[in-house]
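Protein chains in written order, with our numbering: chain A, 5 to 530; chain B, 5 to 530.
There are 2 protein chains.
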Amino acid sequence: MPDEANRVRIFDTTLRDGEQSPGISLNKTEKLEIAHQLARLGVDIIEAGFPITSPGDFEAVQAIARDVEGPVVCGLARTSKEDIDAAWNAVKDAERPRIHTFIATSDIHIERKLQTTRDDVIGQARAAVAHAKRYTDDVEFSPEDGSRSDVEFMAEVIQIALDEGATTINVPDTVGYTMPHEYAAMFEELYRLVPALRDVVLSVHCHNDLGLAVANSFAGLTAGCRQVECAVNGIGERAGNASLEEIVMLLHTRKSSVGLWTGANTREIARTSRLVSRLTGYTVQPNKAIVGRNAFAHEAGIHQDGVLKERTTYEIMDATTIGLDANSIVLGKHSGRHALRKALEELGFEVEGATLNQAFKRFKDIADKKKKVTALDLEAIVSDEMRQSPAAFELEWFEVEASSSRGPLARVRVSMPGGGVGEGSFTGDGPVDAFFSAINAAVRQEARLKEYHVSAVTGGRDALGEVTVLLELAGRMASGVGVSTDILEASGKAYLRAISNALAESAAAEAEHHLSRAEPEQTPTP
Amino acid sequence: MPDEANRVRIFDTTLRDGEQSPGISLNKTEKLEIAHQLARLGVDIIEAGFPITSPGDFEAVQAIARDVEGPVVCGLARTSKEDIDAAWNAVKDAERPRIHTFIATSDIHIERKLQTTRDDVIGQARAAVAHAKRYTDDVEFSPEDGSRSDVEFMAEVIQIALDEGATTINVPDTVGYTMPHEYAAMFEELYRLVPALRDVVLSVHCHNDLGLAVANSFAGLTAGCRQVECAVNGIGERAGNASLEEIVMLLHTRKSSVGLWTGANTREIARTSRLVSRLTGYTVQPNKAIVGRNAFAHEAGIHQDGVLKERTTYEIMDATTIGLDANSIVLGKHSGRHALRKALEELGFEVEGATLNQAFKRFKDIADKKKKVTALDLEAIVSDEMRQSPAAFELEWFEVEASSSRGPLARVRVSMPGGGVGEGSFTGDGPVDAFFSAINAAVRQEARLKEYHVSAVTGGRDALGEVTVLLELAGRMASGVGVSTDILEASGKAYLRAISNALAESAAAEAEHHLSRAEPEQTPTP
């Protein structure tokens, strides 16, 4: 029988803290897909968003609460009644809903950011937990900037949250400043000052500004915490959150020494990492622990030799443990709809009706160009289809000529969201520049390219190219991703999607402004 | 007066452990450029390579020893006389040369990899240190796989190394398995078992397989170690080494609590990171601590609000500390040779004669296309020039047509290293595929593309594109990088350089084979 006292709950904040990373703009379909994958990975809690901040965020959290089975679904809220009402309305249809409310307890945040007093913070914390508790038993409270707070004052606030019924207390290292021994000592002191903490779940939430997020989280777990807030690929504000896959594999690999365990299905780690990287446009560096391309690769001769003689001479983990062997599915140009559907199901995608038809059409197009269509290719195609939106510009036709002896020329035709087409042509410094300028002319927008990345989905000359674009349009940053065997086609799709995303966000912000919703400059986080 | 007892020596192994990462193949010029930058960064020791492994590595270490002033220059060697002789011959012209010799002390490595006995390991360690000591006073010894070794046996080996005169003892966590409290406890036990360790420098060398490399290194420093082996951007075998910039900024930011310090000039960190990323082709993920694009960026509204009100509400470091403000140099199309030379000097490049002429020509070409040429652009151009090699293929001319209505067509002309030109044309799945296939035809090689990445050097539509290609040619992996405002031109240059690198390595391996040098399957590392 598993040892419940040593079970560490995985609280995934990829869709909340992770999604706050600059340039990430996931739509509802994409968030839902990530949430389903997190459920397959077996996380305990999904922090699905921060519902008050925008109608789009609200709807995505609501969709996840209604659709995703297994994990607790959590919404973030400041201490105001409106925040908590919005969080509750978004999560209430979940099997197991949670409200997570927070307020800063460090003097620097109280004085400089909140511009209030410690007494006011106590009052707000009390009211927030009490209000949330009217809706649900499962209430989490975080003293923001906990690691820089006066521990006695923070203990007082935590005691009040517990008195009002909070069931999880999360003490974040909001600015990524603490060190393992400090963070552990803080928790020991909190247990001493607030004995009732022994009866609830204490939680860590660490940022990686100094490269210590995983080590600090681990120090907190060793000190008695049993929930860890983390994000896939370690994304999140600034240098990001503690990396989910590193925490899970640390506890898994060192279980016999540490004695802590999680309910995560490690074999879903690689796929989850790829999905999040693809949908956010945030690349994973080759030397990233666990999920980087090299994490299980060796270069030096003796290492290879050692690995051949005995895997454990240089490898402490097996690539199959994180699901890196799961890419054996291969389809070809003669594979039918049934085979595709079965392969997609094995990959965890439930695709029906029009979406299956569309995916099959894309699959056939690609199978005509590539001899073998692999699981990685299918993942890329399906993710690409999820990005399609009826209210977006679509690339209808393009032509690009580039040469070392004259300037490149691009011509494009784009179908407009409201119907009709736009055309544009341009000569630029390079073919991509010319292409993007021609698109600007066709859609009559002055988008400015900020970042541009291309990766191949798999190896080989017929690989699918995946292009990520970050652009600025009317003061708003937005990203888009496109997939094709043709890098220019993928670039054009990515660029048009980024423009569509920017315009959709502008329209949403406009609508919100008219409705006088919560002021957007007041969206804080632990 | 600085507190010498608490000074932590930065031992950079970017050019040794880092360079062992799959797909990295730096030429001598590139290694020298990185070594010069490491000297500007103020590292204490540069591990420049592993001289016995190839003539190319030997020559690069020798060039660094002769040319780079400031840091100790170190060469790695196994315990054999030949290894140590090669290491000494490579480093002996340095101001302060060091030989670093190592042998595994864990039973799994002794039995499975070395297939020998503990007694033999003791004998080899003794002989190696004694032999190295005949050449130089500065001898470092590492018991490989130290963290998994029986500590009493390892202590015995260390005692012998000290008896023979080793001045630095480095205890690596070769497989990235240890945890901070374990690693610290191991050092405490070693100090107890070998009191003479108090008289030399004890050193940490940590791998990041479980995400703990920085935390483990830090734990070792807290336990008394005063040298940290690390690599820029955390590159190295598998998930890489402890990240130099994270260690330096951790000690810098938490100095008042920790009391340890380094001689590193933190303002060179950003530039060093860019240089290493560019020359190795290893991207840095946006959420990488310290040097990721987002490390100093905020998305959430309140964070921005907080940052405006008071920087320290969310930022514990200042971007200027790592040199992120240093990109104020801007040149335009009317800037002359003198302005370029001055700007390059400010960037740390000493460019003279033909190289300056070539750089000026490139600069003028780019200034014609871009209104402003920034420091980042100049770095990219100069790095690109360093990659030029007289024995390489060169892209003379190309033409690519791509369209959504018909297959892409590419035609190229390439000048051959031995004189003469080759031409090729191809229709492929996409313009890049067609281009690369046309190059294969022109140079009559069957290179196979494995990975392909594109990044923009700066923002904006006239940005320079930097393309990294990893390919396989005759069983050998090689990478190449190309820079241009035209992404196709950059791709073609990168591809041709990768082919040139693969052929050069094949030729070197061939030569080595005929000379019967050290068997390449025997190149181990701590």
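We treat Cβ as the ideally placed atom computed from N, Cα and C, and that holds for glycine.
Classification of residue i by the beta-carbon crowding that lies within 10 angstroms, buried from 16 upward
{"i": "serine 247 of chain B", "result": "buried"}
{"i": "arginine 242 of chain A", "result": "buried"}
{"i": "glutamate 427 of chain A", "result": "exposed"}
{"i": "asparagine 361 of chain A", "result": "exposed"}
{"i": "arginine 278 of chain B", "result": "buried"}
{"i": "threonine 378 of chain B", "result": "buried"}
{"i": "lysine 292 of chain A", "result": "buried"}
{"i": "valine 125 of chain A", "result": "buried"}
{"i": "alanine 506 of chain B", "result": "buried"}
{"i": "glutamate 514 of chain B", "result": "exposed"}
{"i": "glutamine 289 of chain B", "result": "buried"}
{"i": "histidine 211 of chain A", "result": "buried"}
{"i": "lysine 497 of chain B", "result": "buried"}
Beta-carbon contacts of residue i that lie in its chain and below 6 Å, excluding the five residues immediately before and after
{"i": "glycine 536 of chain A", "result": "Shown here, chain A extends from 5 to 530; a query on residue 536 of chain A therefore has no answer."}
{"i": "valine 47 of chain B", "result": "Ile14, Asp16 and Pro75"}
{"i": "phenylalanine 353 of chain B", "result": "Val386"}
{"i": "valine 334 of chain B", "result": "Lys376 and Thr378"}
{"i": "tyrosine 187 of chain B", "result": "Asn220, Ala223 and Gly224"}
{"i": "leucine 197 of chain B", "result": "Ala159"}
Closer than 7 Å to chain A by CB, residue i
{"i": "histidine 104 of chain B", "result": "no"}
{"i": "serine 459 of chain B", "result": "yes"}
{"i": "glutamine 128 of chain B", "result": "no"}
{"i": "glycine 426 of chain B", "result": "no"}
{"i": "threonine 538 of chain B", "result": "Only positions 5 to 530 of chain B appear in this structure, which leaves residue 538 of chain B out of reach."}
{"i": "threonine 317 of chain B", "result": "yes"}
{"i": "alanine 301 of chain B", "result": "yes"}
{"i": "proline 147 of chain B", "result": "no"}
{"i": "asparagine 291 of chain B", "result": "yes"}
{"i": "histidine 113 of chain B", "result": "yes"}
{"i": "asparagine 176 of chain B", "result": "It should be pointed out that residue 176 of chain B corresponds to proline in this sequence rather than to asparagine. No - not a single Cβ of chain A is within 7 Å of the one on proline 176 of chain B."}
{"i": "glycine 434 of chain B", "result": "yes"}
{"i": "alanine 243 of chain B", "result": "yes"}
{"i": "tyrosine 456 of chain B", "result": "yes"}
{"i": "isoleucine 326 of chain B", "result": "no"}
{"i": "arginine 116 of chain B", "result": "yes"}
Supposed contact pair residue j and residue i - C-beta distance, whole angstroms, cut 8 Å
{"i": "isoleucine 28 of chain A", "j": "threonine 284 of chain A", "result": "5 Å"}
{"i": "alanine 69 of chain B", "j": "aspartate 87 of chain B", "result": "So it is not a contact: roughly 17 Å between Cβ atoms."}
{"i": "proline 176 of chain A", "j": "serine 146 of chain A", "result": "6 Å"}
{"i": "glycine 79 of chain B", "j": "histidine 104 of chain B", "result": "7 Å"}
{"i": "leucine 399 of chain A", "j": "leucine 474 of chain A", "result": "With 8 Å as the limit, leucine 399 of chain A and leucine 474 of chain A do not qualify as a contact, their Cβ atoms being about 18 Å apart."}
Test: residue i CB closer than 7 Å to a CB of chain B
{"i": "aspartate 87 of chain A", "result": "no"}
{"i": "glycine 2 of chain A", "result": "No statement about residue 2 of chain A is possible, as the shown extent of chain A runs from 5 to 530 and does not include it."}
{"i": "proline 55 of chain A", "result": "no"}
{"i": "leucine 214 of chain A", "result": "yes"}
{"i": "phenylalanine 15 of chain A", "result": "no"}
{"i": "lysine 137 of chain A", "result": "no"}
{"i": "leucine 166 of chain A", "result": "no"}
{"i": "alanine 219 of chain A", "result": "yes"}
{"i": "tyrosine 187 of chain A", "result": "no"}
Neighbourhood of residue i by C-beta, 7 Å cutoff - its chain only, sequence neighbours within 5 removed
{"i": "alanine 268 of chain A", "result": "Ile14, Leu45, Gly46, Val47 and Val252"}
{"i": "alanine 9 of chain B", "result": "none"}
{"i": "cysteine 229 of chain B", "result": "Phe191, Leu206, Ser207 and Val208"}
{"i": "alanine 39 of chain B", "result": "Leu19, Ile50, Ala52, Ile68 and Val72"}
Same chain, Cβ closer than 8 Å to residue i, five either side skipped, listed in chain order
{"i": "serine 25 of chain B", "result": "Ile239, Gly240, Glu241, Gly244, Thr284 and Tyr286"}
Any non-hydrogen atom of the ligand ZN closer than 6 Å to residue i Cβ
{"i": "arginine 415 of chain A", "result": "No copy of the ligand ZN occurs in the structure displayed, which carries no ligand at all."}
Item to complete: Taking only beta carbons into account, state which residues of the stretch 382-411 of chain B come closer than 7 Å to chain A, listed in chain order.
Response: Trp401, Phe402, Glu403, Val404, Glu405, Ala406, Ser407, Ser408 and Ser409
Fill in: chain A contacts from the stretch 68-97 of chain B (Cβ-Cβ distance under 7 Å)
Residues: none.
Fill in: Contacting positions in the stretch 485-510 of chain B - beta carbon closer than 9 Å to chain D
Absent here is chain D; the protein component of the structure consists of chains A and B.
Practice prompt. Pull out every residue of the stretch 246-268 of chain B whose Cβ sits closer than 7 Å to any Cβ of chain A, in chain order.
Written response: Per Cβ criterion, the list reads Ser247, Glu250, Met253, Leu254, Thr257 and Arg258.
Discussion item. Short of 8 Å Cβ to Cβ, which residues in the stretch 359-382 of chain A face chain B?
Written reply: Lys373 and Lys374
Worksheet item: In the stretch 230-241 of chain A, which residues sit with their C-beta less than 8 Å from some C-beta in chain B, listed in chain order?
Response: Asn237, Gly238, Ile239, Gly240 and Glu241
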